[in-house]
Each structure stands twice: as structure tokens, then as C-alpha cells.
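Chemist: For the sequence shown, numbering that gives the first Met the number 0 assigns the number 0 to the initial residue and increments by one for each residue that follows.
No residue lacks a Cβ here, since even glycine has one placed at the ideal position from N, Cα and C.
Source: prediction; values computed, not measured.
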Amino acid sequence: MAAVAKRRLTDLLLKPSIGLVPLDEGRARQELAEVAAVAREEGLARLAGFLGGIGEGQAFLAAVFDLSPFLRDTARRRPQILDGLFDQPIEARLKAITTAIDQAPLAEAVSESSLMMALRQCKAEAHFLIALADLSGEAETSLTVRRLSDLAEACTRAAVDFLLRDVHAQGKLKLPDLGNPSQQSGWILLGMGKLGAHELNFSSDIDLVVFFDPEAAAVVDPLDATELFSRLTRRLVRILQDRTEHGYVFRTDLRLRPDPGSTPLAIPVEAALRYYEARGQNWERAAMIKARPVAGDLAAGAAFLKELQPYIWRKYMDYAAIADVHSIKRQIHAHKGHGEIAVKGHNVKLGRGGIREIEFFVQTQQLIAGGRFPELRGRETVPMLGQLAARSWITADARDALARQYWFLRRVEHAVQMVADEQTHTLPEDDEGLERIARMLGFADAAGFAGAFRASLQQVERHYAALFETAPELSAGIGNLVFTGDVDDPDTLRTLHGLGFQRPSDICRVIRGWHFGRYRVTQSAEARERLTELTPALLKAFGQTRRADEALVRFDEFLAGLPAGIQLFSLLQSNPALLKLMATIMGAAPRLAAIITRRPHVFDGLLDPALLTELPDRAYLSARLSAFLEGDRAYEEVLDRLRIFASEQKFLIGVRLLAGSIDPARAGRAFSDLADLTIEAALRAVIAEFAVHHGTIAGGVVALLGMGKLGSRELTAGSDVDLILLYDHDADADESDGERPLAPSHYYTRMTQRLISAVSAPTAEGVLYELDLRLRPSGNKGPVATHIDSFKKYQRQEAWTWEHMALSRARAIAGDAGLCAELEAEVAAVLGQPRDAAKVKAEAWDMRAMIETEKPPRDLWDIKLIPGGLIDLEFIAQVAVITGQVEAGPRATGTAEILARLAPRFADDAGVRQELGDAYSLYLALTQMTRLCLTGAFERDDVPPGLSDLLLAVTDLPDFGVLEAHLKETSQKVRKDFDLLLRAGRP
Numbered sequence: 000m001a002a003v004a005k006r007r008l009t010d011l012l013l014k015p016s017i018g019l020v021p022l023d024e025g026r027a028r029q030e031l032a033e034v035a036a037v038a039r040e041e042g043l044a045r046l047a048g049f050l051g052g053i054g055e056g057q058a059f060l061a062a063v064f065d066l067s068p069f070l071r072d073t074a075r076r077r078p079q080i081l082d083g084l085f086d087q088p089i090e091a092r093l094k095a096i097t098t099a100i101d102q103a104p105l106a107e108a109v110s111e112s113s114l115m116m117a118l119r120q121c122k123a124e125a126h127f128l129i130a131l132a133d134l135s136g137e138a139e140t141s142l143t144v145r146r147l148s149d150l151a152e153a154c155t156r157a158a159v160d161f162l163l164r165d166v167h168a169q170g171k172l173k174l175p176d177l178g179n180p181s182q183q184s185g186w187i188l189l190g191m192g193k194l195g196a197h198e199l200n201f202s203s204d205i206d207l208v209v210f211f212d213p214e215a216a217a218v219v220d221p222l223d224a225t226e227l228f229s230r231l232t233r234r235l236v237r238i239l240q241d242r243t244e245h246g247y248v249f250r251t252d253l254r255l256r257p258d259p260g261s262t263p264l265a266i267p268v269e270a271a272l273r274y275y276e277a278r279g280q281n282w283e284r285a286a287m288i289k290a291r292p293v294a295g296d297l298a299a300g301a302a303f304l305k306e307l308q309p310y311i312w313r314k315y316m317d318y319a320a321i322a323d324v325h326s327i328k329r330q331i332h333a334h335k336g337h338g339e340i341a342v343k344g345h346n347v348k349l350g351r352g353g354i355r356e357i358e359f360f361v362q363t364q365q366l367i368a369g370g371r372f373p374e375l376r377g378r379e380t381v382p383m384l385g386q387l388a389a390r391s392w393i394t395a396d397a398r399d400a401l402a403r404q405y406w407f408l409r410r411v412e413h414a415v416q417m418v419a420d421e422q423t424h425t426l427p428e429d430d431e432g433l434e435r436i437a438r439m440l441g442f443a444d445a446a447g448f449a450g451a452f453r454a455s456l457q458q459v460e461r462h463y464a465a466l467f468e469t470a471p472e473l474s475a476g477i478g479n480l481v482f483t484g485d486v487d488d489p490d491t492l493r494t495l496h497g498l499g500f501q502r503p504s505d506i507c508r509v510i511r512g513w514h515f516g517r518y519r520v521t522q523s524a525e526a527r528e529r530l531t532e533l534t535p536a537l538l539k540a541f542g543q544t545r546r547a548d549e550a551l552v553r554f555d556e557f558l559a560g561l562p563a564g565i566q567l568f569s570l571l572q573s574n575p576a577l578l579k580l581m582a583t584i585m586g587a588a589p590r591l592a593a594i595i596t597r598r599p600h601v602f603d604g605l606l607d608p609a610l611l612t613e614l615p616d617r618a619y620l621s622a623r624l625s626a627f628l629e630g631d632r633a634y635e636e637v638l639d640r641l642r643i644f645a646s647e648q649k650f651l652i653g654v655r656l657l658a659g660s661i662d663p664a665r666a667g668r669a670f671s672d673l674a675d676l677t678i679e680a681a682l683r684a685v686i687a688e689f690a691v692h693h694g695t696i697a698g699g700v701v702a703l704l705g706m707g708k709l710g711s712r713e714l715t716a717g718s719d720v721d722l723i724l725l726y727d728h729d730a731d732a733d734e735s736d737g738e739r740p741l742a743p744s745h746y747y748t749r750m751t752q753r754l755i756s757a758v759s760a761p762t763a764e765g766v767l768y769e770l771d772l773r774l775r776p777s778g779n780k781g782p783v784a785t786h787i788d789s790f791k792k793y794q795r796q797e798a799w800t801w802e803h804m805a806l807s808r809a810r811a812i813a814g815d816a817g818l819c820a821e822l823e824a825e826v827a828a829v830l831g832q833p834r835d836a837a838k839v840k841a842e843a844w845d846m847r848a849m850i851e852t853e854k855p856p857r858d859l860w861d862i863k864l865i866p867g868g869l870i871d872l873e874f875i876a877q878v879a880v881i882t883g884q885v886e887a888g889p890r891a892t893g894t895a896e897i898l899a900r901l902a903p904r905f906a907d908d909a910g911v912r913q914e915l916g917d918a919y920s921l922y923l924a925l926t927q928m929t930r931l932c933l934t935g936a937f938e939r940d941d942v943p944p945g946l947s948d949l950l951l952a953v954t955d956l957p958d959f960g961v962l963e964a965h966l967k968e969t970s971q972k973v974r975k976d977f978d979l980l981l982r983a984g985r986p
């Protein structure tokens, strides 16, 4: 008998993997028999016979009909749907239904009423089949929501196509292609919420926002377009949601459009863009994350969303947005009374631990970081959990737990809705109702389901609370802090002194200024309230820097320049770990403090959890820069955005170095890669802008040769950039082909001057880099741009030894690939020329002696100039390169790599090579850290304690005295090695 049942089940092409148990076995059998009787009356003998049998398939359907009155009634009304499963599995049948929906508006004699009937019948069949596949376990919940979304999209698309063809026939639109009526129609329908995200639930309504382009090809009269498309939208809603004898298709909600109380149903694109840019709320930004063109002119819809990207995805992380979104969540709790976790009567969607919390968990982090990381801009909840984990915004455990609970809660939501096809999210409050839901989900009883459901809610709530509902203890145990009135509170002065402030009365005056709203940043009541809550923790953190007064004054300068403060205060309140970093920067790193004072938004980057684990290599920086520059931008805007990007990334590279997540050598490479990429982008912009007025030179190409620390990839946070610009062109080119033609030499000289201005001229966003072109042939006396042939001739026939030493660090960084390759080959050839090694060493030794006489070091901490300092090491490496004393391998420009590859015949003692390498590592670490933190010279007697700690950390030494002794000893060893290697037999 079991074998027969299995064969019949196979015949039905439905394979339940979940054994459902009805509430009442006898009633379930009766309900199955009633459907069989209807099938017999309809002439469906095959189905009637099957339902009269015994087996897993029959047991499953009996349980379904008992648990879901809606599905039972559908089967009674249309047993043909079940009968069709003998011939096609559910997936194939759903595809056939979608095809029928797509063809419905194109039928020859179609009318509005016939289309309404066809769509309702197709939807009812698909709805029934999707439910069966879900309840049987044949379809995962992720497939169920996709199928429901595809069904809604197909129905909307069909109704839209019908309406467009109808108004075309009336002459109100002129469609370019009747076979594809939506194309170039200008009618834009965005699916929002779960429809946009392909996450529709079983009895969901659909959220649409409707726009139109009055300039679209199909629009006959732009002045009539608002009325026309609003009327079409009204008819669309009627087609989809009016109830007839055949039911309804989808309830349709248009309330997510801009200002729905006072705007038409269809809004012109330009008006919508103006609204979002000027008046759009944060909840609307959140809603637009899931927006997707679902019907009508899909290309126009995609273009509209692209225009909206800067509104949705802010280029800076947006913490005030979280407060807004979170307040919506609090309002939901307050208004709907869902503060307690319960099972009976619990709202699966809006209640604590519910679906909305998971969606908010994802969306708020998308709002914060999506502008910076395009991979976080997806619409679907679970894939975005994956991306958040991949970028370390959340843990893998959080990702797995929330994804698992999300699909579990979505199954619960579907079960609740499948009972009677009602758009409800609330679990029944009676015992039988809860038992029904439990059994629809495959649980043995309500108790088992209640335990699993409660555990799910608690798990979600725990993760949600970690994101939103924890706050640092801001004033625990600090003491009295009162800043009201205009008289200092004695207890407050004592508290400040105890925290480490030397001038507590001055500090009180500064803080009173904050609380009285004297800066723009504290003019709103909410900002002052946030800052009041934050002040004790700030004061404690600044006190721990041991330069508390300086740190607070710098922070005050930072606040004075901020346009608004809620974002920053929200950020610091919700991320107390950042308080310490902020204090370190303010107390120990005046250069970084100056950067965030000028450009406060760079601080946002610190909130990226991947910051300290993701290496800022060339590929990382290149991808970030491309995202930051994407889109067509005016020349001046490109230059400003390059300055913003470089300043921000210098800050973030510096923070990684401060935190110890990258070493000084990697910081040098990162600073250099950043310069390469941003200067290359500036060069591209200059070339394009210059060509607008002056045209191009036949065969003209340009390359930039990075010199000095840029060439050797050893830039620091404060380095200038040494460059040489070289060019080539066709031999017979007389002048450029633009409206204002120039001769080639004049053309490239002017272009280079434009590049210098593009990189070095101060704008509202500061300076990109200070450029130094003095290492070009003939130095300051020669032209700023050099023809490649002149460069070759000069280097081979006229260059001094010191110029070839400088050339040993040269590296092509930007420009035409062919010219760059030619340049690299030429540099290698020049460096490889035979030379008198003794003569080179003698000249280098003399140069070093002259520098020592003319520019003596200030003190031991003038690491570049001290005897045995950085210059000694660089000279050793450069002499080794141009005299062929480096072991074979790819050409190296970095000092550390060259020192590691010194040929034994040059430095025959391996101990010397190790000594030189260790010395360079020490100097690099100290130089990178001091240049990162200080804007001026290192003053031995005025070192911020925080900087001392950083220097000890980066050199792994226990005490500042030990560090100084180590520095002195190292420089003495290097000077001894320098004399040994370069003195070349001098007396």
C-alpha cells in the first residue's frame, strides 16, 4: 500500500518533506473528501481518485485544508489547480503562469475587465501553488518570497502595459514600440519595501512610488503629463486591488511617495529629485535603499535611482540618521504596545525581536556606510547581512544567527497569513489558533513552537540591542561636574584638577561656551543635550592623555569649526572606544587634530570595523577612489574631491599606524600609493580640461616620474612630492589642434603649470600635495616639462653624480603606459652604465660632508641630518645602485630593500647589512610617527606624553631614555659603516 501511495505522490509531482499534523484528523479527512467530490463533479477523475486514496500526499493535503481555510476554499473553488500538478511540477507551472500574465495585455480583444479577470485567476493559482510548495518544504522561504515578488511584479507589469497601449490607442501617448509598450514611455514605477527587495510576504500589499518623465519620447503633451500619468496610476490601482467575483490581485499602497498628502499620484522626475535633495527625511532614505524599478520605463527608473544615489548614500557616514530611524522603532513600540516579548498576540513584524528589528539592524548600517562601500547598497536583507560580516561590521555569529532567525520569522509570518489570506502579522491569542500556527510550521505542538519562537525573538533582540540600545556609562565615579551659570563651581574645579587639568577655571569657561550654544555645533537643544551626556567621558579621556588642557583646547577648536554636532556626539556616545582615540589625537597628534578640525568628516572613517584589519594597499585605495569619483563631474569638483579623498585617507592610514595595525614601512607604501593614485587622477583631469581649449598634439603622450620619497615609496604624512613631467609627440607635430593652438614645448609647459596648480593650489578643500620639480634636468633654471629625448640626452651626457643618485629612486607613477615603460627602461639603462666606483664613493662622501657643514642637525632627534642618520643610509643605498653593487633581481627603489640586497663585494659582512637594515627600520618608525603627529620639528623638551608612548610602542622599547640611548648608539654604528663603505681609502 505504501508503494502505491508513493507512486501516486510522484504522479502528483509534489513531494512534501515536512509532515504536517491537522488540528482534527477526522475533520481533515472530511475536508479532503469534499474537495474530491468537487473534483469528481468537475470531471477531474484522476484528482478525485487520488484524493480518495491513502498516502503521504493525501495526508499532507488533508492537514493543509484543515489548517488553512483559505487554501481549502481555493481548492474547492478551483480543483483544476491541483489537477495540473499531475502534469507539471510547481516550478514549471509558475513559469507558465508568468508567461500567461505577460501575454495577457497583448491579447487581441483585451479589455480592462477581461485583463482584471485574467490577472486574478493567474494570481489565485500561483498563490495557492506557492503556499503548497512552502508548507510542504519543497521551497525554502527565500524562494517563496522571491516567487511572491516575481508574481506581483509580473501582474503590475501586465497592468501597466495594458494601460499604456490603451492611452496610445486614444492618442494621448505615442509609444515607440507597441510590442514593448513600457519602453521609453516615461512612466516609472518603483517597487518599495519588500517588493523592491524581492522579499514579499504571502498576503502582502505592494508599495509603489510612481514618477514620470515629461520629456520622454512617448509623451505627446508635457503640460498634460501630470494629469495623464496620475489618471493612469489611479486605473492601475483599481485593476490590481478592486475586489471582484474573482478576488483581487494585490492591495496597492502609494503612500511612500514624496509628501503624499499634497502631491499627485504620479510626480515629475525633476520635482521628485528636488524634493529628496531639499526636504527628504532619513526614513525616506532608508526606504529608498530597497527601491527597484518593477514596471513601466525600466531604463528611466534606473536613471532616476542613479540620480538619487547621492541622497541615499551620503559620502560621509551618517550617525544622526540612526537616531531618526531608531526613533521610528521606539514610536512603533510606544504606539502599538509591543514592548514585551510574548508569544500569544505577538506581532512578528513589529514586535521586539521581530522582522523589522533585523531589517533595521541591516538598513541603519547600510545608511551609515553604504556611501563609502558600494557593496553595502544591496536591497535584500540576508545577503546584506553577509556583506556586513564580510566587511567586519558584524560578526559571523551575528550574521548566521540573524539570517537563521530572519527566515524562521518570515515562515511564521507566512503561516499566520496563509490561514485566511489576511495581511496580519500578529500571532493568535487563543490556544487553538496558536496550535494551528505551530502545526503549519511542522511543530508537534504549541509549546514546542512557543519555545523556539521566544528564543528567536530574544536572539534578535540581543543583537539589535547591541547595535542601538546600549550607551556608555558617561559619568560613573568621576565626581561633581556643573557648568551652568557664570560662576565656577568649587567642586567642579576640584574634579577637573583631579582629572589632570592644570587650568580648571579656563576649562570651565570653555565648556560653558559649549553649553550656552556659542558654536553652530551646539545651537540645537538636542546637540547640547547629547554633549552634556558626553562631557564627563570626554573630560576623563582627555585627562588620561597627560596633556589634558591642550587636548581639550584642540577639541574646542574642532567643535568651533563643525557645522552641526548631533552626528559627532551620537557617534561618540554610541562608540565609547572612539573617545580614547579622539583623546589620543587631540593630546598627542596635533597634525591629525588639525586635519579633523579642518575636515571633521574624516573622523567618520574610524567607524568602519574593517579599518584596522583591511590593509590600505593600492587595490583598496584605487577602488575607494573610483567610488568617490564616480559619475561625470566638473573639473573643479574633481580636484576638490581628490583633496577630500587624500586628506581623509592620509588620516585613516595614520590612524592605522597609531593603532599598530600597519607598520611604518607599510604606512610609507600606503601614503605613496595614495599620492600615485590621486596625482594620476589629477593628471587625467588636467589633460582632459587642457584639451578643451588647446586641443591635443599629434602623437602626444605624458608620463610622470616620481622622485625622492615618492619614487622610493617612503612618503610620510607630511611629505612633499618630487616629480618630473616628461612628454613625447610625433616628430612633425607643429602645434596642437584646438581653438587656441600651442607649440609642443609651450603646450606641455602650460599643461605642467596647470598640473602644479591642480595639485598644489589651495582650494576650499585645501592642498592635495606640495609639488617640487627641482629634480628635473637643469633644475629650477630649465623648463618645467621635459621632452623624453632631452631627458635621455641629459642623463647620459650631462647629469652629475648626485643626479644619478637621485635617479636611483625614480619610478614612473602615472601617464601613458608606453611612455612609462620607455622611461623605466631608460632609467634602468642610465643607472646600469659603467662608472668608476671609487670616484662615485668619493663624490658621495664629499657631498655628505658638505651637507653636514651647511645644514648641521639641531639635536639627536633631527634623524635625517644627524651623522649616521637617514641621509647616510640613503647615500649608501644610492651609491650601491649606481655602481652596480646590488644583488640581481627586479629594480628596487626603496632604501630598505636596497640595503637588504647589498652585494657581498660592497658590504662583505652580513652583520653590516643587518645593522644598516635595523637602523633604517628604527629611523623609519620614528620619522613616520613624528611626521604623523607633529606639524613642526620634534622638540625634545616638549614631547606630548601621548607621543612618547606611541614612539615607545612603535620601537618596542620600554622607556624614553632607553629609546634615546638606542637612537644615539644606532647613529654611531651607521656613521662607522658609512665611513667604511664610502670613504674609499681616504686618509
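1. Kindly indicate the opening and closing residues of the alpha helix (DSSP H) around TYR747.
2. Throw me the rounded Cβ distance for the GLY945 and GLY586 pair, which I believe falls under 8 Å.
3. Any chance you could list the alpha helix (DSSP H) runs of at least 4 consecutive residues sitting entirely within the segment 588 to 656, in chain order?
4. Mapping the DSSP letters down to three states, classify GLY987 as helix, strand or coil.
5. Is the distance from the Cβ of ASP429 to the Cβ of ALA437 below 8 Å?
6. If you count every other CB in all the chains shown that lies within 10 Å of the CB of GLY867, and 16 or more means buried, which is it?
7. Only counting runs of 3 or more residues, tell me where the beta strand (DSSP E) segments fall wholly within the segment 789 to 872, in order along the chain.
8. Would you mind stating whether LEU981 and ALA843 have Cβ atoms separated by less than 8 Å?
9. I'd like the list of long-range same chain contacts for ILE96, defined as Cβ closer than 7 Å, with 5 residues on each side in sequence excluded.
10. Is it the case that the Cβ atoms of LEU754 and LEU682 are separated by a distance below 8 Å?
11. Let me confirm a value: ASP941 is counted as buried when at least 16 other C-beta atoms fall within 10 Å, else exposed. Which label applies?
12. If you drop the 5 nearest sequence neighbours on each side, which residues of the same chain put their C-beta closer than 6 Å to that of GLY18?
13. If we count the other Cβ atoms within 10 Å of its Cβ and call it buried at 16 or more, is THR852 buried or exposed?
14. Return the bridge partner residues of TRP186 from the DSSP annotation.
15. Which of the three DSSP states, helix, strand or coil, is assigned to ASN1062?
16. Could you check whether ALA547 and PHE554 sit closer than 8 Å to each other, using their CB atoms as the reference points?
17. Can you tell me whether ASP420 is buried or exposed, with buried defined as 16 or more other CB within 10 angstroms of its CB?
18. Check ILE238 in the structure and name its three-state DSSP category.
19. Pull up the distance between the alpha-carbon of LYS335 and that of VAL37, whole angstroms please.
20. For a minimum of 4 consecutive residues, which ranges assigned as the alpha helix (DSSP H) are wholly contained in the segment 386 to 472?
21. Name, in chain order, the residues that DSSP records as bridge partners for THR243.
22. Please report the residue range of the beta strand (DSSP E) in which VAL1026 lies.
23. Straight-line CA distance for PRO575 to THR715?
24. By the DSSP assignment, the alpha helix (DSSP H) with GLY667 in it spans what residues?
25. Name the DSSP beta bridge partners of TYR726, please?
26. At 3 residues or longer, what runs of the beta strand (DSSP E) sit wholly inside the segment 109 to 193?
27. Spatial neighbours of ILE881 within its chain, please: C-beta separation below 7 Å, excluding the five flanking residues on both sides.
28. Per DSSP, what are the beta-bridge partners of ASP721 in this structure?
29. By Cβ distance below 7 Å, which residues in the same chain neighbour THR894 in space, the five residues on each side in sequence not counted?
30. In chain order, what residues of the same chain have a beta carbon less than 8 Å from the beta carbon of GLY441, not counting five sequence neighbours either side?
31. If we ignore side chains and look at the alpha-carbon of each, how far apart do SER789 and ARG775 end up?
32. Tell me, please, which residues DSSP counts as bridged to VAL885.
33. Could you tell me whether the segment 568 to 582 touches the segment 598 to 607, using the rule of 3 or more Cβ pairs below 8 Å?
34. According to the Cβ coordinates, are GLU679 and ALA816 closer than 8 Å?
35. What does the alpha-carbon distance come out to for the pair GLN752 and LEU822?
36. For ALA217, which of GLU549, GLY185, GLU431 has the nearest alpha-carbon?
Modeler: Taking the geometry as given:
1. Residue mapping note: residue 747 aligns to position 748 of the sequence shown, counting from 1. Run containing TYR747: 743 to 759, per the alpha helix (DSSP H) assignment.
2. The count along the sequence shown starts at 1 and reaches residue 945 at position 946. The count along the sequence shown starts at 1 and reaches residue 586 at position 587. With 8 Å as the limit, GLY945 and GLY586 qualify as a contact, their Cβ atoms being about 5 Å apart.
3. 589 to 597, 617 to 628
4. Because the chain is modelled from 0 through 986, residue 987 falls outside the range shown and cannot be assessed.
5. For the purposes of this step, residue 429 is taken as residue 430 along the sequence shown, with counting starting at 1. For the purposes of this step, residue 437 is taken as residue 438 along the sequence shown, with counting starting at 1. Their beta carbons are not under 8 Å apart, which means ASP429 does not touch ALA437 by this criterion.
6. Looking up residue 867 in the sequence shown gives position 868. Buried: at least 16 other Cβ atoms inside 10 Å.
7. Qualifying beta strand (DSSP E) stretches, in chain order: 810 to 814.
8. Numbered from its first residue, the sequence shown carries residue 981 at position 982. Numbered from its first residue, the sequence shown carries residue 843 at position 844. Going by C-beta atoms, LEU981 is nearer than 8 Å to ALA843.
9. Position 97 of the sequence shown, counting from 1, holds the residue named residue 96. Correct list, in chain order: CYS121, GLU124, ALA125.
10. Reading the sequence shown from its first residue, position 755 is the one you call residue 754. Reading the sequence shown from its first residue, position 683 is the one you call residue 682. For LEU754 and LEU682, yes; Cβs fall inside 8 Å.
11. Reading the sequence shown from its first residue, position 942 is the one you call residue 941. With fewer than 16 Cβ atoms within 10 Å of its Cβ, ASP941 is classed as exposed.
12. Here residue 18 refers to the residue found at position 19 of the sequence shown. Within the same chain, GLY18 has no close Cβ partners at all.
13. Indexing the sequence shown from 1 puts residue 852 at position 853. It is exposed - the Cβ of THR852 has fewer than 16 other Cβ atoms within 10 Å.
14. Numbered from its first residue, the sequence shown carries residue 186 at position 187. According to DSSP, which records beta bridges pairwise, TRP186 is partnered with PHE211.
15. Outside the displayed span of the chain (0 to 986) sits residue 1062, for which this structure offers no information.
16. In the sequence shown, residue 554 corresponds to position 555, counting from 1. In the sequence shown, residue 547 corresponds to position 548, counting from 1. No; because the gap between Cβ atoms is not below 8 Å, this pair is not in contact.
17. Reading the sequence shown from its first residue, position 421 is the one you call residue 420. ASP420 counts as buried, since at least 16 other C-beta atoms from the protein chains shown sit within 10 angstroms of its C-beta.
18. In the sequence shown, the residue the question calls residue 238 occupies position 239. Here ILE238 sits in helix by DSSP.
19. In the sequence shown, counting from the first residue as 1, residue 335 sits at position 336. In the sequence shown, counting from the first residue as 1, residue 37 sits at position 38. Reliability of the predicted coordinates at LYS335 is poor, the pLDDT of 33 falling under 50, and the value obtained from them is presented with this limitation in mind. Straight-line Cα distance between these residues: approximately 44 Å.
20. For the alpha helix (DSSP H) assignment, the uninterrupted runs of no fewer than 4 residues enclosed by the segment 386 to 472 are, from N- to C-terminal side, 395 to 417, 430 to 439, 445 to 467.
21. On the sequence shown, position 244 is the one that residue 243 refers to. DSSP output for THR243 lists GLY246 as bridge partner(s).
22. The question about residue 1026 has no answer here: the residues shown for the chain are numbered 0 through 986.
23. Position 576 of the sequence shown, counted from the start, is the residue given in the question as residue 575. Position 716 of the sequence shown, counted from the start, is the residue given in the question as residue 715. Rounded to the nearest angstrom, the two C-alpha atoms are 29 Å apart.
24. Locating residue 667 in the sequence shown gives position 668, counting from the first residue. 663 to 693 is the span of the alpha helix (DSSP H), which, as asked, contains GLY667.
25. The count along the sequence shown starts at 1 and reaches residue 726 at position 727. TYR726 pairs with VAL701, HIS786.
26. 186 to 190
27. Numbered from 1 along the sequence shown, position 882 holds the residue referred to as residue 881. Same-chain partners within the cutoff: HIS803, MET804, SER807, LEU830, ARG834, VAL839.
28. Within the sequence shown, residue 721 is the residue found at index 722, counting from 1. Paired residues: MET706, ASP771.
29. Within the sequence shown, numbered from 1, the residue matching residue 894 stands at position 895. Taking C-beta separations shorter than 7 Å and ignoring five residues to either side along the sequence, the partners of THR894 in its chain run SER711, GLU713, LEU872, GLU873, ALA876, TYR919, following chain order.
30. By 1-based counting over the sequence shown, the position of residue 441 is 442. Closer than 8 Å at Cβ, skipping near neighbours: ILE17, GLY18, LEU19, GLY136.
31. One-based indexing of the sequence shown puts residue 789 at position 790. One-based indexing of the sequence shown puts residue 775 at position 776. Cα to Cα, the separation comes out at about 11 Å.
32. Stepping through the sequence shown from its first residue, residue 885 is reached at position 886. The partner list for VAL885 (beta bridge, DSSP) reads LEU901.
33. yes
34. Locating residue 679 in the sequence shown gives position 680, counting from the first residue. Locating residue 816 in the sequence shown gives position 817, counting from the first residue. Not closer than 8 Å, so no.
35. Here residue 752 refers to the residue found at position 753 when the sequence shown is read from its first residue. Here residue 822 refers to the residue found at position 823 when the sequence shown is read from its first residue. Here the alpha carbons of LEU822 and GLN752 stand approximately 21 Å from one another.
36. On the sequence shown, position 218 is the one that residue 217 refers to. Per the Cα distances, GLY185.
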